[in-house]
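K.L.:
Sequence positions in the sequence shown follow our numbering and run 13 to 443.
Think of the CB as a built atom: it goes at the ideal place given N, C-alpha and C, for glycine as much as any other residue.
Because the structure is a prediction, the values reported are computed rather than measured.
I am attaching a structure below and will ask some questions about it afterwards.
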Amino acid sequence: MSAGIEALFTSALGLRPPWLVQDVKLDTGKRRIDFEIGCGEARLSCPACGTVEQPIHDRLRRSWRHLDFFQFEAWLHCEVPRVACSGCGKTTQVAVPWARPGSGFTAAFEALALALCRDLPVRQAAELLRCADKQLWRRIEFYVQQARALETLAGVQIVGIDETSLRRGQHYITVVHDLDAKRLLFANEGRDHQTVVEFAQDLRAHGGDPAEVRHVCMDMSAAYAKGVGLALPQAQISYDRFHVVSMAIEAMDQVRRQEMAQEAHAVRSALGADDRRPLKQLLWGMRRNPQGWSRRQLDAMHWLQRSALKSARAWRLKMALREVYAAARAHNSVGQAAADLRAWLSWARRCRLEPFKKLATTLKERFEAVVRGMVDHRSNAFVEAMNGLLQQAKRAARGFRTSRNFIAIAYLRMSKLKHLPVSPFVPAATK
Ligand SMILES: [Zn+2]
13 MSAGIEALFT
23 SALGLRPPWL
33 VQDVKLDTGK
43 RRIDFEIGCG
53 EARLSCPACG
63 TVEQPIHDRL
73 RRSWRHLDFF
83 QFEAWLHCEV
93 PRVACSGCGK
103 TTQVAVPWAR
113 PGSGFTAAFE
123 ALALALCRDL
133 PVRQAAELLR
143 CADKQLWRRI
153 EFYVQQARAL
163 ETLAGVQIVG
173 IDETSLRRGQ
183 HYITVVHDLD
193 AKRLLFANEG
203 RDHQTVVEFA
213 QDLRAHGGDP
223 AEVRHVCMDM
233 SAAYAKGVGL
243 ALPQAQISYD
253 RFHVVSMAIE
263 AMDQVRRQEM
273 AQEAHAVRSA
283 LGADDRRPLK
293 QLLWGMRRNP
303 QGWSRRQLDA
313 MHWLQRSALK
323 SARAWRLKMA
333 LREVYAAARA
343 HNSVGQAAAD
353 LRAWLSWARR
363 CRLEPFKKLA
373 TTLKERFEAV
383 VRGMVDHRSN
393 AFVEAMNGLL
403 QQAKRAARGF
413 RTSRNFIAIA
423 YLRMSKLKHL
433 PVSPFVPAAT
443 K
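What follows is the structure in structure tokens.
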């Protein structure tokens with residue numbers, strides 16, 4: 013290439029003395045551009061101790077993938093000097109300004125990769141960048157760890173604790189959210205009381221104070237309650253709508269399953285099909301809200317409501333509990349919510365459906381915490397929003413869904429980390 017091009021690319025790459033582009037090779041066939049970067053000084057400061065004007069001992073050749081230049085895959089190459097220092101006696105490789113030590117990507121490329129992984133599944137980001145997914149996962153983990161180390165969690169007062177699993181029923185992970193700042197604070201494998209203790213330790217390690225946490229919104233696991241008692245001594249517990257309604261749906265499903273094992277024949281003949289379809293329509297009709305019913309589900313549900321089946325009673329109980337929550341939201345009164353819940357509990361205790369009697373006992377034992385959760389609308393909405401984000405994080409890790417990867421991508425997307433590299437394509441003014 014002509015002289016002058018090297019100077020142009022030296023400035024396009026943002027290089028400053030002693031670094032400069034010495035050669036540019038463009039391969040239009042391979043759509044690839046290679047920059048040879050040199051170090052223009054014969055003597056350098058020692059990277060280990062700072063002694064100036066030390067001789068270069070030797071040079072080690074290294075290469076880095078960089079951001080594409082106009083759809084050309086760009087690579088930087090450099091014979092990186094090692095300084096032989098008379099001050100400390102060591103021979104040390106000089107750090108290059110465009111990449112962190114040990115990485116085969118430039119810092120700008122890594123920042124772009126990270127920005128893509130916040131919005132796209134990692135596999136898709138890797139395809140766009142034409143690199144291996146594994147290379148991206150390593151960097152997500154590295155930068156998340158680095159950013160979390162610098163993060164302060166001082167002032168956290170209201171948290172949500174929840175469990176999620178990577179595969180149905182296994183690989184449990186506990187997540188702790190800040191319900192004020194609306195961000196993920198902590199994620200770790202396990203769902204026992206120790207996981208909550210670990211959260212408190214992590215909070216303290218980041219400048220927070222477990223004794224300042226005054227409110228915890230969570231499900232009814234005894235393990236979490238024990239953990240809160242041990243590690244978050246000032247926290248008042250509330251149970252969120254999402255988990256309580258899920259328990260009612262589970263109780264309803266138990267009633268339906270038991271009953272359908274005996275009544276399948278009657279249901280099929282009443283709904284005019286001799287296969288399993290009517291049973292499926294009931295199953296989904298009962299779980300779904302009426303607005304979401306399909307034509308067939310609507311028919312099945314109308315039939316169910318006229319029947320004398322236990323499933324019909326179970327469904328009415330579930331819907332009534334939803335109503336209790338909707339009314340609590342509308343009235344926003346603790347007294348009203350407590351009265352409505354008491355009425356529901358009395359119905360559930362008398363309903364002669366074992367799963368609902370059990371649920372009523374569970375809710376009665378935790379009555380105050382359940383009522384607190386009924387009027388805590390912010391937390392309810394947020395817990396559900398966070399569940400949505402967690403599902404997205406799981407999808408982002410598709411094909412590489414280990415606990416480690418999931419936790420890393422959840423932190424990247426949900427923690428609002430302040431110390432991540434900034435995408436090279438964000439305008440300077442907003443950096
Ligand atoms: Zn030295």
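Val93 by DSSP, collapsed to three states: which one?
P.N.:
Counting from one through the sequence shown, the residue named residue 93 turns up at place 81. One detail in the question is off: residue 93 reads as Pro in this sequence, not Val. It is a strand residue.
K.L.:
Are Trp76 and Thr118 closer than 7 Å when you measure CB to CB?
P.N.:
Your numbering for residue 76 matches position 64 in the sequence shown. Your numbering for residue 118 matches position 106 in the sequence shown. Yes, they are a contact pair.
K.L.:
Confirm the yes/no value for this check: CB of Ala60, any heavy atom of ligand 3, distance under 6 Å.
P.N.:
Only ligand 1 can be found as ligands here, which leaves ligand 3 out of the picture.
K.L.:
I want to know whether the region 198-212 touches the region 225-241 - three or more CB-CB distances under 8 Å.
P.N.:
Cβ pair count under 8 Å is three or more, so yes.
K.L.:
Quick check: the region 131-147 against the region 90-101, are at least 3 beta-carbon pairs closer than 8 Å?
P.N.:
Judged by Cβ distances under 8 Å, the region 90-101 makes no contact with the region 131-147, as fewer than three pairs qualify.
K.L.:
Please report how far the alpha carbon of Gln213 lies from the alpha carbon of Asp174, in whole angstroms.
P.N.:
As a working note, residue 213 is residue 201 in the sequence shown. As a working note, residue 174 is residue 162 in the sequence shown. Answer to the nearest angstrom: the Cα atoms are 17 Å apart.
K.L.:
Hey, Arg142 and Phe84: beta-carbon distance below 7 Å or not?
P.N.:
As a first step, residue 142 is located in the sequence shown; it is residue number 130 there, counting from the start. As a first step, residue 84 is located in the sequence shown; it is residue number 72 there, counting from the start. It is not a contact, given that the beta carbons lie outside the stated cut-off.
K.L.:
For the alpha helix (DSSP H) that Asp70 lies in, which residues bound it at each end?
P.N.:
Position 58 of the sequence shown, counting from 1, holds the residue named residue 70. No alpha helix (DSSP H) contains Asp70, which is instead part of the beta strand (DSSP E) from 66-81.
K.L.:
To test your reading of the DSSP string, which unbroken alpha helix (DSSP H) runs of 4 or more residues are found completely within the region 242-311?
P.N.:
The qualifying runs are 253-282, 289-299.
K.L.:
Would you report the Cα separation of Lys443 and Phe437, rounded to the nearest angstrom?
P.N.:
Position 431 of the sequence shown, counted from the first residue, corresponds to residue 443. Position 425 of the sequence shown, counted from the first residue, corresponds to residue 437. With a pLDDT of 40 at Lys443, under the threshold of 50, the modelled position of that residue is not reliable, and no figure is offered here.
K.L.:
Could you check the C-alpha separation between Leu215 and Ile185 for me, to the nearest Å?
P.N.:
Walking along the sequence shown from the start, residue 215 turns up at place 203. Walking along the sequence shown from the start, residue 185 turns up at place 173. If I take the Cα positions, the gap works out to 17 Å.
K.L.:
Does the beta-carbon of Thr103, which I'm using as the reference point, lie nearer than 6 Å to any heavy atom of ligand 1?
P.N.:
Residue mapping note: residue 103 aligns to position 91 of the sequence shown, counting from 1. It does not: the Cβ of Thr103 is nowhere closer than 6 Å to a heavy atom of ligand 1.
K.L.:
Rounded to the nearest angstrom, how far is the Cβ of Leu371 from that of Arg130, given a contact under 8 Å?
P.N.:
What you label residue 371 is simply residue 359 of the sequence shown in a count that begins at 1. What you label residue 130 is simply residue 118 of the sequence shown in a count that begins at 1. Not a contact, Cβ separation roughly 40 Å.
K.L.:
DSSP three-state label for His389, please.
P.N.:
Position 377 of the sequence shown holds residue 389. Three-state DSSP puts His389 in a helix.
K.L.:
Leaving aside the five residues before and after Lys102 along the sequence, list all residues of the same chain whose C-beta is less than 6 Å from its C-beta, in chain order.
P.N.:
Residue mapping note: residue 102 aligns to position 90 of the sequence shown, counting from 1. Answer for Lys102: Ala60, listed in chain order.
K.L.:
Excluding sequence positions up to five away, which residues of its chain have a Cβ less than 7 Å from the Cβ of Leu432?
P.N.:
By 1-based counting over the sequence shown, the position of residue 432 is 420. Result list for Leu432: Leu126, Tyr155, Ala159, in chain order.
K.L.:
Using three-state DSSP, classify Gln169 as helix, strand or coil.
P.N.:
As a working mapping, residue 169 is identified with position 157 in the sequence shown. Here Gln169 sits in coil by DSSP.
K.L.:
Under the assumption that Ala166 contacts Gly220 (Cβ atoms under 8 Å), give the Cβ distance between them as a whole number of angstroms.
P.N.:
To locate residue 166, count along the sequence shown from 1; it is residue 154. To locate residue 220, count along the sequence shown from 1; it is residue 208. Going by Cβ atoms, the distance from Ala166 to Gly220 rounds to 5 Å, so yes, they are a contact pair.
K.L.:
Since I believe Gln169 is in contact with Val209 (beta carbons under 8 Å), could you give me their beta-carbon distance rounded to a whole number of angstroms?
P.N.:
By 1-based counting over the sequence shown, the position of residue 209 is 197. By 1-based counting over the sequence shown, the position of residue 169 is 157. Incorrect: roughly 19 Å between the Cβ atoms, too far for contact.
K.L.:
Compute the Euclidean distance between the alpha carbons of Ala393 and Val36, then round it to the nearest angstrom.
P.N.:
For the purposes of this step, residue 393 is identified with residue 381 of the sequence shown, where counting begins at 1. For the purposes of this step, residue 36 is identified with residue 24 of the sequence shown, where counting begins at 1. One C-alpha to the other measures close to 55 Å.
K.L.:
Please list the terminal residues of the continuous alpha helix (DSSP H) segment that includes Asn417.
P.N.:
Counting from 1 along the sequence shown, the entry for residue 417 is found at position 405. Here the alpha helix (DSSP H) through Asn417 covers 415-426.
K.L.:
Answer yes or no: the CB of Cys100 versus the heavy atoms of ligand 1, is any distance below 6 Å?
P.N.:
In the sequence shown, the residue the question calls residue 100 occupies position 88. Yes, Cβ of Cys100 sits closer than 6 Å to a heavy atom of ligand 1.
K.L.:
Assign Ser23 to one of three DSSP states: helix, strand, or coil.
P.N.:
Counted from its first residue, the sequence shown places residue 23 at position 11. The answer is helix: DSSP assigns Ser23 an H, G or I state.
K.L.:
Please state the DSSP three-state secondary structure of His431.
P.N.:
By one-based count along the sequence shown, residue 431 stands at place 419. The answer is coil: DSSP assigns His431 none of H, G, I, E or B.
K.L.:
Sort out for me which residues DSSP pairs Gln182 with in a bridge.
P.N.:
Taking the sequence shown and counting its residues from 1, the one referred to as residue 182 is at position 170. Partner(s): Arg179.
K.L.:
Can you list, in chain order, the residues of its chain with a C-beta nearer than 7 Å to that of His389? Leave out the 5 residues immediately preceding and following it.
P.N.:
To locate residue 389, count along the sequence shown from 1; it is residue 377. Same-chain partners within the cutoff: Arg341.
K.L.:
What separation, rounded to the nearest whole angstrom, lies between the Cα atoms of Ile351 and Gly284?
P.N.:
For the purposes of this step, residue 351 is taken as the residue at position 339 of the sequence shown. For the purposes of this step, residue 284 is taken as the residue at position 272 of the sequence shown. Note on identity: in this sequence residue 351 is Ala, with Ile being the wrong assignment. Cα to Cα, the separation comes out at about 43 Å.
K.L.:
Nearest-angstrom Cα distance between Ala409 and Leu140?
P.N.:
For the purposes of this step, residue 409 is taken as residue 397 along the sequence shown, with counting starting at 1. For the purposes of this step, residue 140 is taken as residue 128 along the sequence shown, with counting starting at 1. Roughly 16 Å separates the two Cα atoms.
K.L.:
Going by C-alpha distance, which of Trp110, Ser98, Glu65 is nearest Phe47?
P.N.:
Position 35 of the sequence shown, counting from 1, holds the residue named residue 47. Out of Trp110, Ser98, Glu65, Trp110 has the C-alpha closest to the C-alpha of Phe47.
K.L.:
So Thr164 and His218 are in contact, right, with Cβ under 8 Å, and what is the actual spacing, rounded?
P.N.:
Numbered from its first residue, the sequence shown carries residue 164 at position 152. Numbered from its first residue, the sequence shown carries residue 218 at position 206. Right, their Cβ atoms sit about 6 Å apart.
K.L.:
Please state whether DSSP places Met398 in a helix, a strand or coil.
P.N.:
Position 386 of the sequence shown holds residue 398. In this structure, Met398 counts as helix in the three-state DSSP scheme.
K.L.:
List the endpoints of the continuous alpha helix (DSSP H) containing Gly347.
P.N.:
The residue you call residue 347 lines up with position 335 of the sequence shown. Unbroken alpha helix (DSSP H) run through Gly347: 346-362.
K.L.:
Less than 8 Å between the CB atoms is what I'm expecting for Ser319 and Met298, so what's the real figure, rounded?
P.N.:
The residue you call residue 319 lines up with position 307 of the sequence shown. The residue you call residue 298 lines up with position 286 of the sequence shown. Wrong, their Cβ atoms sit about 12 Å apart, outside the cutoff.
K.L.:
Out of Ala24, Asp80, Gly99, state which residue places its alpha-carbon closest to the alpha-carbon of Leu56.
P.N.:
The residue given as residue 56 occupies position 44 in the sequence shown. Closest by alpha carbon: Gly99.
K.L.:
For Val106, which option in Ala120, Gln66, Leu124, Ala86 has the closest C-alpha, if you only look at C-alpha atoms?
P.N.:
To locate residue 106, count along the sequence shown from 1; it is residue 94. Checking every option, the nearest Cα to that of Val106 belongs to Gln66.
K.L.:
List the endpoints of the continuous beta strand (DSSP E) containing Glu48.
P.N.:
In the sequence shown, counting from the first residue as 1, residue 48 sits at position 36. First-last of the beta strand (DSSP E) with Glu48: 44-51.
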